[in-house]
Amino acid sequence: SPDYNMASTLGLVILLVTFITFLIQRKFLLPREFTTVTGKGYRPSLIRLGKWRYLTAAFHFFYLLAAAGLPIFALFIVSISRLWQGSPDFTDLTLSHYVWVLFDYPITQRGIMNSLFLAFVGATGGMAFCFVLAYSVHKLEGKSKAILDFVVTIPIGVPSIVLSMGILVAYIKTPLYATIWIIMLAYITRYLPIGVKNVSSVLLALSRELEDSSMMCGASWFTTMRRILVPLVKPGLLAGWMILFLIFMRELDASILLYTQGNEVMSVTLFLLLEDAPAPQIAAYSMIQATIMLVIMYGIRKLADPDDVSG
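Per the numbering used here, the sequence shown starts with residue 1, numbered consecutively.
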């Protein structure tokens, strides 16, 4: 049977390590100045690689090929094979496994819809909350800033399975239990620090004189946020949203503990398929998951780059 006492003890040990690491980080980074966007003109400098650009390009190409290209290609070959026996048979290919995954098996359909819902809604709501927290940390001073910054960092230092167990125990007597919303709560809580740090890294580069100048010109706080701060922070918001979306689409540790029948997500469904489904069907489901994430990544990159959008 599960040893909840030991799991809780290990979680507290990891939390202590996180706290010590956080103190070390603050000691080295707090005195430093990261402001690069001010009220004055500023032109960033480019580093020219010269003759090293070809070697750098080759390194990136082979890394992408080995890390992503070949595994995805192999997965695709398995997914279109009628029967996988360890080597591809290009004379007997089919798309029937994709049809089975998308239309014939209810659990895989639910997994796709639940994951998309959790990823879109969770990433959007999570980043809105992350912006509020990051802005609060940015504006606070002294001990209040340090305490809030530490509290925001805590979830990333706790293993997902331990945090999920805590959420399960805390909400087992509430209406959230056995719903998709408790999974979303676990997702946002666990990966909140990632979204906050994405926004904080942008806020650190912004001088406070931008807000002060806007206020002095008669703009309200809301107008300053809408016309100045949010557009400048937009890259961090989009990057954080994309990261959270991708994580939520493939998250397993929290999902496997909190899901119930009808609330399966793609990672849990894939885990269940591994027990009795043939390899081509598992590969087809994995390809659908990877395709969804790649399409979203491409779309967000287009939104984040005005030149690409206009082109």
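For glycine and all other residues, C-beta sits at the position ideal for the given N, C-alpha and C.
Treat the numbers as computed from the prediction; the structure is a model and nothing was measured.
Query	Result
With a threshold of 16 other CB atoms inside 10 Å of the CB of Ala195, please say whether the residue is buried or exposed.	According to the sequence as given, residue 195 is Gly; it is not Ala. Flag for Gly195 reads buried.
Going by beta-carbon coordinates alone, are Ala119 and Phe271 separated by less than 8 Å?	no
Using 10 angstroms around the beta-carbon of Thr108, count the other beta-carbons present and answer buried if the total reaches 16, otherwise exposed.	buried
Assuming Gly240 and Val199 are in contact, meaning their beta carbons sit under 8 Å apart, how far apart are those beta carbons, in whole angstroms?	6 Å
Give me the Cα-Cα distance between Val151 and Ala134, rounded to the nearest whole angstrom.	12 Å
Give the single residue among Ile300, Thr269, Ile20 and Leu252 whose Cα lies nearest to the Cα of Ala186.	Leu252
Considering only residues of the same chain and omitting the five flanking positions on each side of Leu65, which have a CB-CB separation below 7 Å?	none
Looking at the secondary structure, which residues open and close the alpha helix (DSSP H) in which Ala186 lies?	Ile180 to Leu204
Whole angstroms are fine: how far does the CA of Val101 sit from the CA of Ser81?	14 Å
Would a C-beta distance cut-off of 8 Å place Val17 and Gly157 closer than the cut-off?	yes
Give me the DSSP bridge partner(s) of Leu102.	DSSP lists no partner for Leu102.
Tell me the residue span of the alpha helix (DSSP H) that contains Gly236.	Val230 to Arg250
Report back the beta-carbon spacing between Ala123 and Phe248 to the nearest angstrom; my notes put them in contact at under 8 Å.	6 Å
Pull up the DSSP beta-bridge partners for Ser81, would you.	Leu93
Could you pull out every residue in the same chain whose Cβ sits closer than 6 Å to the Cβ of Gly111, ignoring the five residues on either side in sequence?	Glu264, Val265, Met266 and Thr269
Please state the DSSP three-state secondary structure of Thr260.	coil
Is the separation between the beta-carbon of Ala277 and that of Trp84 shorter than 8 Å?	no
Kindly indicate the opening and closing residues of the alpha helix (DSSP H) around Val151.	Gly142 to Thr153
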